[in-house]
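Beneath this line is the structure, given in structure tokens, with notes to follow.
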Amino acid sequence: GYVAISGGNFHGQGPALWLDMLGIALAEAGSIAERRVFRLLTPELNDGLPSMLAPTSGLDGGLMMVQYTAAALVSDNKTLAHPDSVDSIPSCANQEDHVSMGANAARHALEIVDNIRYILAIELLTAAQAIELRPNGPKRLGRGTAAAYAQIRDHVAFLEHDRETASDMEALSELIQTGKVPKSVQAALLGKYLEV
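Residue 1 is where the sequence shown starts when you use the numbering used here, and the numbers rise one by one after that.
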């Protein structure tokens with residue numbers, strides 16, 4: 001039979017490339033999510049909703065600051081998405097003459113994933129606020145979106161006046177981490193009970 005003998009000639013270039021591409025794709029997904037948030041907050045783009053989704057626009061800042069947070073995270077992701085696999089510094093007295101930098105790619109991909117979770121939390125917060133500012137908003141939702149909306153409202157309240165929103169973003173980030181939102185949507189659409 002065949003025998004595999006390790007010569008220690010490992011090279012992590014493949015995983016480094018995959019992780020770099022994952023980071024780039026996720027950074028772009030976060031950028032698109034932030035653009036949806038921006039559109040919902042901008043009167044010229046949101047089809048009649050109040051500026052910054054503040055019920056008392058002009059007196060309150062609404063969700064302006066959460067969009068700032070999303071924009072900062074998107075910008076951070078662009079920096080983190082710079083490919084690590086294109087960098088190589090020889091090490092180990094030149095025995096490792098081409099180093100993949102895969103560990104850096106993995107760390108940066110994980111940071112991007114964390115940032116994306118908060119960007120999506122901001123999008124959920126913004127979408128729920130926009131729904132309530134539409135006439136009969138929650139009643140107009142389909143089964144799937146109504147299930148998602150209910151999950152969001154179980155964790156954060158409507159923003160009537162300016163308040164601290166860091167805890168809202170944190171609560172929704174944790175909700176995303178649990179995976180309960182897609183499970184509740186799936187249960188609503190399939191009409192079956194799924195544990196959420």
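Ideal Cβ placement from N, Cα and C applies to all residues, glycine included.
Ile5 and His11 have their C-alpha atoms roughly 16 Å apart.
Shown here, Glu96 sits in a strand according to DSSP, grouped into three states.
Looking at the backbone, the Cα of Arg35 and that of Ala187 are separated by about 29 Å. Counting along the chain, the unbroken alpha helix (DSSP H) around Asp114 starts and ends at 102–133.
His155 sits buried, since 16 or more C-beta atoms from the chains shown fall within 10 Å of its C-beta.
The C-alpha of Ala33 is placed about 20 Å away from the C-alpha of Ala146. Asp162 sits in coil when the DSSP states are folded into three classes, being neither helix nor strand.
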